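Residue numbers (our numbering), protein chains in the order written: chain S, 14 to 356; chain F, 4 to 412; chain Y, 58 to 414.
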């Protein structure tokens with residue numbers, strides 16, 4: 014990562030403590046994104062559910078940023094807020110240098126950024142044929158001159174994701190989970206996007222099919238020069254496909270580092286326990302591995318602990334952790350950690 | 004006469020041939036004598052000499068404890084804790100009959116853990132439900148046998164099954180949110196299990212429930228007993244499920260994808276809990292999952308299923324380091340490995356459709372090394388070692404070639 | 058299970074060594090075949106055909122509809138024709154109150170002379186009108202009322218429910234409160250009030266037009282349906298729209314840049330169509346039944362137009378002497394309502410995507 018970059022907005026993300034210098038080739042920059050949802054917790058009382066609480070990140074062109082965390086950490090919300098499927102409560106999104114904020118820029122953005130969804134069963138309209146599902150983005154943005162061109166484009170997309178042309182007239186329910194996910198990918202590629210948010214695209218699939226879809230994602234990235242935000246909870250898969258990984262906990266990013274660096278030299282206590290909890294298919298390694306078993310459950314996002322959100326389960330927590338909120342600090346080149354005791 | 008087969012290297016259990024010398028009996032073994040099945044509790048010093056072995060045993064039906072002596076070299080009729088032999092189950096779907104499992108065979112001993120691994124459609128959950136006989140109304144066991152401590156369960160009287168189900172063999176399910184009744188308190192549901200299977204009165208039962216909750220790590224159990232399932236998180240509910248399953252101290256715990264619906268850190272907690280409870284209570288565990296990492300962690304033996312058939316079986320080390328079936332190899336290759344970024348070697352194709360089974364080996368359409376015979380005939384099962392067996396024509400081919408080599412010399 | 062160890066050559070004559078070559082791709086792909094494509098409608102139709110009760114009800118409904126449309130055209134008697142009353146002749150009472158398949162004195166003399174007289178299948182009523190044709194026409198009226206009332210309910214309910222469901226939030230809140238208020242209104246009282254008021258006000262307006270034949274009572278029924286009975290349908294559609302809105306494919310459409318109109322037309326409507334059709338079908342028997350009891354109470358059709366309910370009402374007075382005059386319309390009402398209900402249930406079982414296997 015280049016450190017000596019020209020410091021002009023919007024390339025520097027500043028906060029009282031955080032100084033993250035954004036490289037020149039960053040295609041997506043997110044600054045201080047907040048997404049709160051009002052939830053009725055009593056009669057006439059609403060609390061803010063802080064799904065995403067002040068997140069800043071950047072993704073370079075052609076790279077894959079992995080986003081991991083457990084349920085309730087807000088990673089899916091991050092993906093949807095970036096794509097403006099939820100209107101962000103606060104914060105700015107920059108794509109290719111331009112801020113996405115009004116209707117026109119959002120509509121333009123929709124042609125450049127797409128999403129692949131988690132559930133292959135509910136992400137495809139059961140009343141539409143495969144050709145119509147894939148062709149819908151083409152219809153919305155009027156990306157063809159006549160029916161023949163539309164058909165041709167759809168055929169190309171179908172073949173690109175590994176399905177065969179005879180599948181075009183069939184309905185979604187006739188396909189297996191892996192094939193449906195391919196249809197979803199083809200739909201995302203219809204507008205020729207540059208950036209794709211992959212929201213847990215393989216979590217609902219069998220292991221052997223997961224590998225196929227992961228390979229498909231990688232092939233498409235090489236072929237089309239795509240940039241991915243890969244959201245998942247399976248850290249082995251994320252590590253395989255991502256260049257850098259960000260770890261989230263209760264709406265905040267607690268650590269960001271290149272994949273190998275994170276896996277081998279994680280520094281945040283949560284990342285360490287997450288990595289030690291992941292089961293590895295290797296009996297010898299599993300028996301000799303040091304386990305860090307966290308006590309207790311994840312707190313509810315309605316009731317985020319003061320100071321560091323992880324302090325209720327952290328083995329190294331001190332009273333200072335409750336008083337002061339840690340910020341992301343760069344402790345090694347490219348490696349950011351949010352903890353008061355990591356330097 | 005059958006060869007006397009050596010005891011397996013890990014020192015505890017004999018092979019499937021059920022032949023065991025009296026001097027090698029250990030606590031936790033079961034054997035049959037004079038028509039009754041006994042469990043060995045311990046070895047007792049014998050006054051007569053080393054040629055006679057004396058054990059303290061207990062009759063599994065009457066629970067009466069006694070002492071028994073054998074000649075050291077006497078062959079004992081060994082009985083497995085759970086013996087599943089050629090189990091077959093079909094489901095009626097509309098007008099068609101689907102054979103969900105076709106010939107599943109494995110054994111389970113006390114204190115051991117076996118993992119049944121497979122993907123959707125492999126029949127792993129059906130196997131568990133068939134053992135417990137809790138299949139849906141359109142499911143039927145159409146062949147094979149399930150013997151618990153020597154007693155046959157397939158076709159047995161429903162009354163007998165009910166004494167075993169819940170009390171001797173318990174099961175926990177995948178999604179704790181839907182496995183518990185939302186309109187009853189946790190305490191109510193725990194007490195129900197106690198009432199059904201023990202003779203404790205209400206006060207004693209309550210105490211046992213609280214003790215059980217404490218054992219599984221639920222804080223302030225007295226307060227929690229009065230709460231409803233929606234007030235618990237996923238991990239807590241799974242602990243409650245485990246408590247309910249273990250309240251009668253069963254001999255076998257079947258866990259059907261116990262951690263699939265949970266986060267990774269909670270999963271680690273639950274698996275750790277199960278390991279501790281197993282050590283403490285000495286029960287056997289059958290874990291059903293698709294996660295190879297979980298079985299690497301927990302299991303002594305692993306059975307791999309595909310398309311309703313058990314395709315490979317062996318110890319954890321054998322399965323992970325020396326897999327002998329193409330599907331197992333494919334599964335292991337599908338998991339991203341540390342250290343390399345190279346493309347994952349995947350298994351082509353989609354999971355098998357049980358309504359449209361191939362004629363020969365069920366995995367053949369997806370197998371990269373598929374041979375002509377694989378498409379025509381189901382492979383014969385071959386044993387690679389006393390614990391390791393697989394059904395793949397490639398192994399037969401390799402053995403044949405080895406024979407040819409040996410003959411040629 | 059096979060033998061554990063291979064001590065001797067296991068390859069007896071059964072195993073052909075040449076089979077141990079690698080299989081080709083075509084051989085492998087022969088195993089894999091996709092089942093023929095079925096669209097949602099074809100699949101539903103297939104399942105519907107298997108449901109014998111629903112099929113039987115469908116046939117009954119079609120049969121009844123055909124009978125009440127075709128037969129009155131050819132029938133020798135008309136529903137309002139008092140057979141005993143002929144121009145310029147004294148009233149012949151022998152035509153009144155005939156039992157089924159009996160003849161009046163006049164007809165009897167004709168028969169004795171060798172002429173064929175079409176029998177009175179259900180006899181005649183106390184004014185000498187053939188009862189069979191009155192039943193047929195009454196059924197026709199009931200079916201028409203049921204159908205049109207359902208259409209009114211359908212249109213208003215679907216539009217209201219989809220707007221409420223699509224917009225959600227405060228709009229939805231306000232619209233549903235209106236629905237709650239309407240639910241709370243007592244329908245009987247409103248119908249009675251309306252029919253009394255309309256009889257006086259509309260009566261002058263429609264005199265001489267075709268609407269006069271239908272009667273103010275009938276019109277007031279339609280108005281009441283339009284005002285009150287659409288709420289159930291609105292709630293149903295709103296719920297359906299809300300569920301569909303949560304699906305990922307709607308979110309995917311939004312991520313593709315689709316606007317509200319596109320989503321409604323392409324996603325929300327097609328996915329709720331089956332629910333709409335099914336509830337419309339189940340609405341019909343309810344409308345017929347409502348019309349029947351309103352006519353029974355005298356608030357429906359005006360004489361001489363018959364309706365199943367009014368026929369039953371007229372027959373009450375002479376129920377002990379001529380019980381068939383009450384039993385027949387009651388049975389017909391039961392048959393129609395039951396058939397439509399079972400038909401609608403069968404439709405729902407076959408087409409409701411939530412119940413898919």
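Glycine is no exception: its CB is placed at the ideal position from the N, C-alpha and C atoms. Predicted, not measured: the structure shown is a model, and the values here were computed from it.
Item	Value
In chain order, each alpha helix (DSSP H) run of at least 4 residues that lies wholly inside the stretch 95 to 181 of chain Y	97 to 107, 109 to 131, 162 to 169
Any non-hydrogen atom of the ligand PLP closer than 8 Å to residue 191 of chain S Cβ	Among the ligands in the structure shown, none appear at all, so the ligand PLP cannot be discussed.
Cβ contact check for the stretch 393 to 401 of chain Y and the stretch 340 to 352 of chain Y: 3 or more pairs under 8 Å	yes
Residue 154 of chain S at chain F interface by Cβ criterion, 9 Å	no
First through last residue of the alpha helix (DSSP H) which encompasses residue 395 of chain F	Careful: residue 395 of chain F lies outside any alpha helix (DSSP H) and carries neither H nor E.
Three-state secondary structure assigned by DSSP to residue 90 of chain S	helix
Sub-9 Å separation of residue 90 of chain F and residue 173 of chain F beta-carbons	no
Rounded C-alpha distance that separates residue 101 of chain Y from residue 207 of chain Y	23 Å
Backbone secondary structure at residue 344 of chain S - three-state DSSP	strand
Given residue 215 of chain S as reference, the closest of S:237, S:152, S:250 once Cα atoms are compared	S:250
Residues of its chain near residue 355 of chain S, where Cβ-Cβ distance is below 7 Å and the 5 sequence neighbours each way are ignored	280, 281, 344
CB contact below 9 Å: residue 323 of chain F versus chain S	yes
Min CB distance residue 287 of chain F to chain S below 9 Å	no
Close-in-space but distant-in-sequence residues of the same chain around residue 200 of chain F (CB under 7 Å, 5 per side omitted)	169, 170, 251
Closest Cα partner of residue 336 of chain F within the set S:320, S:294, S:35	S:294
As assigned by DSSP and simplified to three states, the class of residue 406 of chain Y	helix
Where residue 305 of chain Y meets chain S, residues with beta-carbon distance less than 7 Å	130, 132, 135, 136
Exposure label - residue 96 of chain F; buried when at least 16 CB within 10 Å	exposed
Outcome for residue 183 of chain S when other beta-carbon atoms lying within 10 angstroms are tallied against a minimum of 16	buried
Per-residue DSSP class, three states only, for residue 281 of chain S	coil
Anticipated Cβ contact below 8 Å, residue 169 of chain Y with residue 134 of chain Y, distance rounded	Between residue 134 of chain Y and residue 169 of chain Y the Cβ distance is about 21 Å, and since that is not below 8 Å, they are no contact.
Nearest candidate by alpha-carbon position, reference residue 34 of chain S, set S:159, S:353, S:347	S:347
Backbone CA spacing between residue 39 of chain F and residue 85 of chain F [nearest angstrom]	16 Å
Partners in chain S for residue 346 of chain F, counting only beta-carbon separations shorter than 8 Å	228, 231
DSSP-derived helix/strand/coil call for residue 299 of chain F	helix
Interface flag, residue 91 of chain F vs chain S, CB-CB below 9 Å	no
Residue 218 of chain Y vs residue 337 of chain Y beta-carbon contact at 9 Å	no
Proximity winner among Y:131, Y:358, Y:289, Y:212, relative to residue 195 of chain Y (alpha-carbon distances)	Y:358
Extent of the continuous alpha helix (DSSP H) to which residue 228 of chain F belongs	224 to 228
Interfacial residues, the stretch 243 to 271 of chain F to chain S, with Cβ spacing under 8 Å	266, 267, 268, 269, 270, 271
Closest by C-alpha distance to residue 246 of chain S, when choosing among F:350, F:299, F:265, F:181	F:265
Neighbour flag for residue 230 of chain F against chain S, beta carbons, 9 Å	no
Contact between the stretch 390 to 403 of chain F and the stretch 322 to 332 of chain F (3+ Cβ pairs under 8 Å)	yes
Beta-carbon gap between residue 196 of chain F and residue 239 of chain F smaller than 9 Å	no
Nonlocal neighbours in the same chain, by C-beta distance under 8 Å from residue 281 of chain Y, ignoring five residues either side	244, 247, 248, 251
Chain-ordered chain S contacts of residue 231 of chain Y [CB-CB under 9 Å]	Result: empty, since nearest Cβ-Cβ is about 18 Å, beyond 9 Å.
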